[in-house]
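Q: Handing you this structure, nothing more for now.
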Amino acid sequence: MTFSIGQILLAGLVATIGWFLVGGALFGNPVVKRIYRSYEHTGILRDRGGVAQYLGLQLAGIALQCFLWAFVFAYLNSILPESRFLAGIFFGLILIVTKIIPRFWDMWVQSTYPVQLLSIEFINGALGTFLIGIIFAFVIR
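Per this note's numbering: the sequence shown = residues -2 to 138.
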């Protein structure tokens, strides 16, 4: 199966927008915001400047990852399950194993970042990887 660069770039764009919106809902909901606010004055959370600057940096980071992962998905496509949904879930699992777990482990071992915040990052990050994988499976395939 072959893919066009346009198809892969479209998948990266759709995944970027999807994760930016869903991630915003997951991290910006009242419960999670309250938890993060409770740590604002402890010195563990860095001031990122204004909201626009922070969101711009987040969007740039999400876009970079999503476009790179879209190419990885296209490369690995032939070894993923036939079902689009399962292919997306499996690719999400690959991202969890290669990105989320190592990041979680490093932060837990090397920092004083609270376990409560690490757990939020892990859960929301895992949900995001499944979303990204499913988007790739439906746009690229």
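Beta carbons: idealized from backbone N, C-alpha and C, even for Gly.
Please read these numbers as outputs of a predicted model, since none were measured by experiment.
Assess, as a yes-or-no matter, whether the segment 12 to 22 is touched by the segment 125 to 137 under the definition of 3 or more beta carbon pairs within less than 8 Å.
A: Verdict: yes, contact present.
Q: Are the segment 23 to 32 and the segment 77 to 96 touching, with three or more C-beta to C-beta distances below 8 Å?
A: Short answer: they don't touch.
Q: With respect to the alpha helix (DSSP H) encompassing arginine 34, which residues constitute its N-terminal and C-terminal limits?
A: Against the sequence shown, residue 34 aligns to sequence position 37. First-last of the alpha helix (DSSP H) with arginine 34: 27 to 34.
Q: Which residues mark the beginning and the end of the alpha helix (DSSP H) in which tyrosine 51 is found?
A: As a working note, residue 51 is residue 54 in the sequence shown. Segment 48 to 73, the alpha helix (DSSP H) holding tyrosine 51.
Q: Among Gly3, Gln50, Glu118, Ala71, whose alpha-carbon lies nearest the alpha-carbon of leucine 23?
A: Here residue 23 refers to the residue found at position 26 of the sequence shown. Ranking the options by Cα distance to leucine 23, first place goes to Glu118.
Q: How far does the alpha helix (DSSP H) with isoleucine 131 in it reach, from first residue to last?
A: Residue numbering aside, residue 131 sits at position 134 when the sequence shown is read from its first letter. Where isoleucine 131 is concerned, the enclosing alpha helix (DSSP H) stretches over 112 to 137.
Q: Whose C-alpha, out of Leu114, Tyr72, Thr126, Leu124, is nearest the C-alpha of tyrosine 36?
A: Translated into the one-based positions of the sequence shown, residue 36 becomes position 39. Here the closest residue by C-alpha is Leu114.
Q: Which class does threonine 39 belong to by DSSP, given the choice of helix, strand or coil?
A: If you number the sequence shown from 1, residue 39 lands on position 42. Three-state DSSP puts threonine 39 in a helix.
Q: Are alanine 71 and isoleucine 5 closer than 9 Å when you measure CB to CB?
A: Numbered from its first residue, the sequence shown carries residue 71 at position 74. Numbered from its first residue, the sequence shown carries residue 5 at position 8. Result yes, Cβ atoms of alanine 71 and isoleucine 5 sit closer than 9 Å.
Q: Here's a check: name, in chain order, each residue in its chain whose Cβ is nearer than 6 Å to the Cβ of threonine 126, leaving out the five neighbours to either side.
A: Numbered from its first residue, the sequence shown carries residue 126 at position 129. Contacts found: Gly89, Leu92, Ile93.
Q: Using only the alpha-carbon positions, how far apart do threonine 109 and glycine 3 sit?
A: The residue you call residue 109 lines up with position 112 of the sequence shown. The residue you call residue 3 lines up with position 6 of the sequence shown. Distance between the alpha carbons of threonine 109 and glycine 3 is about 43 Å.
Q: Let's test the definition: count the other Cβ atoms within 10 Å of the Cβ of alanine 57 and tell me whether it reaches 16, buried, or not, exposed.
A: As a position in the sequence shown, residue 57 is number 60, starting the count at 1. Classification of alanine 57: exposed, given that the 10 Å Cβ count is below 16.
Q: Mapping DSSP to helix, strand and coil, what is arginine 45?
A: By one-based count along the sequence shown, residue 45 stands at place 48. DSSP places arginine 45 in coil when its eight states are reduced to three.
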